[in-house]
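See structure below.
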Amino acid sequence: MSKFVFVTGGVSSSLGKGLTASSLGRLLKCRGLRVTMCKLDPYINVDPGTMNPGEHGEVFVTEDGGETDLDLGHYERFIDENLGRSSNTTTGTIYSSVIAKERRGDYLGKTVQVIPHVTDEIKDRVLRLAGEDVDVVIVEIGGTVGDIEIVPFLEAIRQFRRDVGRQNVCYVHLTLVPYLAPSGEQKTKPTQHSVTELRSRGIQPDVIVCRSDKDISQGLKRKISLLCDVPIEAVISAIDAESIYEIPLVLHEEGLDAVICAILGIDPAQHPIALGDWEQLVHRVRTAEREVRIGVVGKYVNLPDAYLSVVEALRHAGFHHGVQVRLEWIDAEMVPDLVPSERLHELDGMVIPGGFGERGIEGMVAAARYAREHAIPCLGLCLGLQVMVVEVARDLAGLEGANSREFDSRTPHPVIDLMEDQADVVDKGGTMRLGAYPAMLSPGSQVAEIYGASAVTERHRHRYEVNPRYRARLEAAGLRCSGTSPDDRLVEFVELTDHPYWIGTQAHPEFKSRPDRPHPLFRALLGAALDRAEGREPRLIDIGDLDFVG
Ligand code: GLN
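For the sequence shown, the residue numbers in numbering that gives the first Met the number 0 are 0 to 549.
Shown next, in the form of structure tokens:
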């Protein structure tokens, strides 16, 4: 029988609930337990796919094409498992299915209510993740206790313990213990209030994780233990860590996994912890001395969370090479002004990430050109590939005014366009190419060498594609279409033959990078960037043993 851990948060948003849940997942995996995770998001959107990344952060895409909350990216990276769309549930999806059932008559004429119909639907979603092959399901509840939308979710997880048995459920509550400089004290009152709020919904937490920028003393833990009625060993101090990958070690030191195992009746002798590999990873993170500067040329640079998986993939590649990645956030709209300055030239490498809408496109095209002309390693992701193609079309193929139909509906040369079967679709939901698709790589191409494979699969999220009508002209101008869909209709990868690294992919490889298995495209990008940083002749780097499954 699977066990369940519910992680709620209080006091403030952005305390790192997702990272705490993910770190716990890693610790339980290090104890040899089979873990899966999910997020229950109380907002009304059906999925985050339609939300502005500049406000809400990245949309994380799963193998099966789910457009999910960015926390699922943390889950996958920490527990090293691919999750599916069913691992992210929102109020929107819950209500959609309750209303669909009502319309079908499934409720047999009953009045449809929050309790039991909505709460049953929530519990069902969690239960569906359990099974013979899962020891622990970790469920993060988005938002904070006290939010108006969270109430049905708290009610559902309260009932859950009665449904599946007390010994199979553990409630973890994350709070903030602020340090007040004028009085020189850490304050427990917000934690008390937050626990009171949780209790008012009928949930008594088993474990309280206290986020703080300073260690929480034994005395303070005793106070929280008394006031919130949890054993002192279940008051966990989670101080800020330098790297997110240190958090599992911090929480283990504090005994989080041991306490949770005890609550769930998991015998620690049968599941001793093996943290060696993770410690080694953290050691690599801490000891990296050399530095490379990578420019991220995008339009949501004011909220770096919009590119969370890209940043993490770059960091993973940095761990592999033993280098610190210094990120330079470059607002694409500013690029035309930067081209004459030294700023772009000082970069060791560049990423042009995904995006939607016209803003900043000309700057991205200019950045791609600059990277091409100055031998700066450059990786284009999805939209990044599209602007690279536009750049080659305009500058090398002489197709004046070439553009993507997304940005210029009247362009004389729509080198990027909707596929014919998509041209009439106007609905913004569910019309994209989403999830994992295979690609065949041309023998002898840079991408084939980098992946060490002739066929790969990567996750997609886009509407537009390289226009097949222009492919021959682009290739004649020097653009190598080095990866295509198996039927050769869609261009999946492009590169240049005479450049150390100028590669575009129609996919989002960043979603598949893991801290201890960096994605080959990012690993090779950083290798090329290191060559540039250290003044070596550009060459296609030797990427060593390939343990990445494309
Ligand atoms: N806007 C582009 C498209 O829809 C690229 C999308 C992306 O970068 N994810 O095709």
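All C-beta atoms in this analysis are idealised placements derived from N, C-alpha and C, irrespective of residue type, glycine included.
Since the model is a prediction, treat every value here as computed from it, not as a measurement.
- Sorting Y306, V208, A452, V490 by C-alpha distance to the C-alpha of G53 places Y306 at the top.
- When C-alpha distances from G17 are compared across C169, I375, G72, the shortest belongs to G72.
- Taking a C-beta distance under 9 Å as the contact criterion, D46 and G141 do not qualify as a contact pair.
- For E139, the enclosing beta strand (DSSP E) covers residues 135-140.
- In the three-state reduction of the DSSP assignment, V291 falls in the strand class, which pools E and B.
- Boundaries for P413: no alpha helix (DSSP H) harbours it, while the beta strand (DSSP E) harbouring it runs 413-417, taken from the DSSP string.
- Between L395 and P247 a beta carbon distance of about 48 Å is seen, past the 8 Å cut, so the two are scored as non-contacting.
- A distance filter of 7 Å between CB atoms and the heavy atoms of the ligand GLN selects the following residues in sequence order: G353, G354, F355, L380, C381, L382, Q385, E405, M431, R460, H461, R462, Y463, H507.
- Rounded to the nearest angstrom, the gap between the Cα atoms of G294 and A454 is 29 Å.
- Pairwise C-beta distances place the segment 29-49 out of contact with the segment 201-219, as fewer than three of them are shorter than 8 Å.
- Looking only at P189, A233, L219, Y170, the smallest Cα-Cα distance to Q203 is reached by Y170.
- As the crow flies, the alpha-carbon of D105 is around 17 Å from that of R124.
- Nearest C-alpha to I351 among E327, S308, G297, T456: G297.
- Annotation for Q323: A287, E288, R289, E290, V291, G317 place their beta carbon closer than 8 Å to its own, counting only its chain and skipping 5 residues before and after.
- Linking A273 to G31 through their CA atoms gives a straight-line distance of about 8 Å.
- Annotation: E341 is outside any beta strand (DSSP E) and is labelled neither H nor E by DSSP.
- For the pair S193 and G9, the CB atoms are nearer than the 9 Å cut-off.
- For the pair M439 and A506, the Cα-to-Cα distance works out to about 13 Å.
- Within the model, the alpha-carbon separation for G64 versus I360 is close to 26 Å.
- Counting only runs of 4+ residues, the alpha helix (DSSP H) found wholly inside the segment 170-206 occupies 188-199, in chain order.
- Going by DSSP, C381 is part of no beta strand (DSSP E) at all; its letter is neither H nor E.
- Straight-line measurement puts the Cα of L520 at about 21 Å from the Cα of G534.
- Contact between V389 and S403 holds, since their C-beta atoms are separated by about 6 Å, short of 8 Å.
- The count of Cβ pairs closer than 8 Å, one atom from the segment 492-506 and one from the segment 367-375, reaches three, so the stretches are in contact.
- Per DSSP, the unbroken alpha helix (DSSP H) holding I449 starts and ends at 445-450.
- Nearest in C-alpha terms to Q269, of all of V58, D162, C260, is C260.
- For L384, the closest C-alpha among the options D330, P508, D304 is that of P508.
- Annotation: V386 to H282 spans about 38 Å, alpha carbon to alpha carbon.
- Per DSSP, the beta bridge partners of E327 are G294.
- The beta carbons of I78 and G24 sit closer together than 9 Å.
- In this structure, the straight-line span from the alpha carbon of E120 to that of G145 is close to 21 Å.
- Assigned with DSSP and collapsed to three states, G482 falls in strand.
- Between D515 and D276, the beta carbon gap of about 7 Å places them in contact (Cβ cut-off 8 Å).
- Distances from the CA of D486 to each of R460, Y463, Y436 were compared; the closest alpha carbon is that of Y436.
- DSSP places R210 within a strand segment (E or B) once states are collapsed to three.
- Listed in chain order, the non-local C-beta contacts of T410 below 6 Å within the same chain comprise G400, N402, local neighbours out to five positions each way being set aside.
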